[in-house]
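Numbered according to the numbering used here, the sequence shown spans residues 56 to 278.
Note that the Cβ used here is the ideal one computed from N, Cα and C, for glycine as well.
These numbers were taken from a predicted model, which means no experiment stands behind them.
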Amino acid sequence: MFTSIMDISNGMTIGNVMILTLCSVLFGFLLAITYMSKGKHTKSFSITLVILPAVVQIVIMMVNGSVGTGVAIAGAFSLVRFRSQPANAKEISTIFLAMAIGLTNAMGYLTFALFVTVVFCLLLFVLDHSRFGEGRYGIREIKITIPEELDYTNIFDDLFAEYLRNVSLEKVRTTNMGSMFELTYLAEFISEAHQKEFIDAVRCRNGNLTVYVARPTESGTEI
Numbered sequence: 056m057f058t059s060i061m062d063i064s065n066g067m068t069i070g071n072v073m074i075l076t077l078c079s080v081l082f083g084f085l086l087a088i089t090y091m092s093k094g095k096h097t098k099s100f101s102i103t104l105v106i107l108p109a110v111v112q113i114v115i116m117m118v119n120g121s122v123g124t125g126v127a128i129a130g131a132f133s134l135v136r137f138r139s140q141p142a143n144a145k146e147i148s149t150i151f152l153a154m155a156i157g158l159t160n161a162m163g164y165l166t167f168a169l170f171v172t173v174v175f176c177l178l179l180f181v182l183d184h185s186r187f188g189e190g191r192y193g194i195r196e197i198k199i200t201i202p203e204e205l206d207y208t209n210i211f212d213d214l215f216a217e218y219l220r221n222v223s224l225e226k227v228r229t230t231n232m233g234s235m236f237e238l239t240y241l242a243e244f245i246s247e248a249h250q251k252e253f254i255d256a257v258r259c260r261n262g263n264l265t266v267y268v269a270r271p272t273e274s275g276t277e278i
């Protein structure tokens, strides 16, 4: 069904390279628009998604069956990997998709590349705008600071039972030269409307110290 539109096995022409590169950029642009449709994003990452398929396509076309060149390219990519910043799961999967699009284009399978781009962009768009993978109200990161003399193991159990569900203690660390504990929980609110009541109740329990409630940072909690 999906056959190669361009035969580049016998060499590349300027016309073939221009058409393949243009298609890679267009597919990358479609992928970037889908990624930006919801959620936080940076301009640099969006631009990367546009040009990455074209870059991968050029790299694969230059290797063109040469083992030595392929090894050199693999070494170059490994250096780039160690200089990159940690990314969340969505960014990593989008980068792999952009590379797959560029690889497919480099082989001349433009129809298949278009099919992959459209199908996965639609899938990404639908999943991004749905509540798939979320709880009823979504996971919240809760950080509570308490004095060191308080026993944090069960001091908030009654409040958690009243306002939260699926509570898990993720991290405990000392702050302020060891005179305080910072407790980090992941939990779901039974009702978002009672969030302020929960914070006020915790402040009465921890001596009016810091209480922090937010969506979990993707780089720290997503897999």
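CB of residue i within 7 Å of CB of residue j, strictly
| i | j | result |
| --- | --- | --- |
| residue 197 | residue 236 | no |
| residue 205 | residue 225 | no |
| residue 86 | residue 144 | no |
| residue 199 | residue 268 | no |
| residue 83 | residue 108 | yes |
| residue 55 | residue 194 | Absent from the structure is residue 55, since the part of the chain shown begins at 56 and ends at 278. |
| residue 41 | residue 252 | The structure shown does not extend to residue 41, since the chain spans only 56 to 278, so no value can be given for it. |
| residue 238 | residue 207 | yes |
Nearest to residue i (by Cα), restricted to the options the options
| i | options | result |
| --- | --- | --- |
| residue 93 | 207, 180, 79, 230 | 180 |
| residue 232 | 210, 203, 222 | 203 |
| residue 146 | 187, 102, 166 | 102 |
| residue 74 | 259, 148, 166 | 166 |
| residue 79 | 222, 263, 208, 157 | 157 |
| residue 106 | 117, 249, 77, 116 | 77 |
| residue 261 | 245, 209, 223, 177 | 209 |
| residue 254 | 100, 227, 211 | 211 |
| residue 148 | 187, 104, 234, 185 | 104 |
| residue 116 | 81, 169, 228, 72 | 72 |
Secondary structure of residue i, DSSP reduced to three states
| i | result |
| --- | --- |
| residue 154 | helix |
| residue 267 | strand |
| residue 262 | coil |
| residue 71 | helix |
| residue 160 | helix |
| residue 101 | helix |
| residue 95 | coil |
| residue 138 | Any answer about residue 138 is weak, because its pLDDT of 46 lies below 50 and its placement is not dependable; what the coordinates show is given next. Three-state result, residue 138: coil. |
### Query
Between the region 158-167 and the region 109-118, do at least 3 Cβ pairs fall closer than 8 Å?
yes
### Query
Are the region 209-217 and the region 167-186 in contact at 8 Å, needing three or more beta carbon pairs?
Contact fails: fewer than three Cβ-Cβ distances are below 8 Å.
### Task
Identify every run of the alpha helix (DSSP H) within the region 182-252, keeping only runs that are complete inside it and at least 4 residues long; order them along the chain.
Fully enclosed alpha helix (DSSP H) runs of 4 or longer: 212-218.
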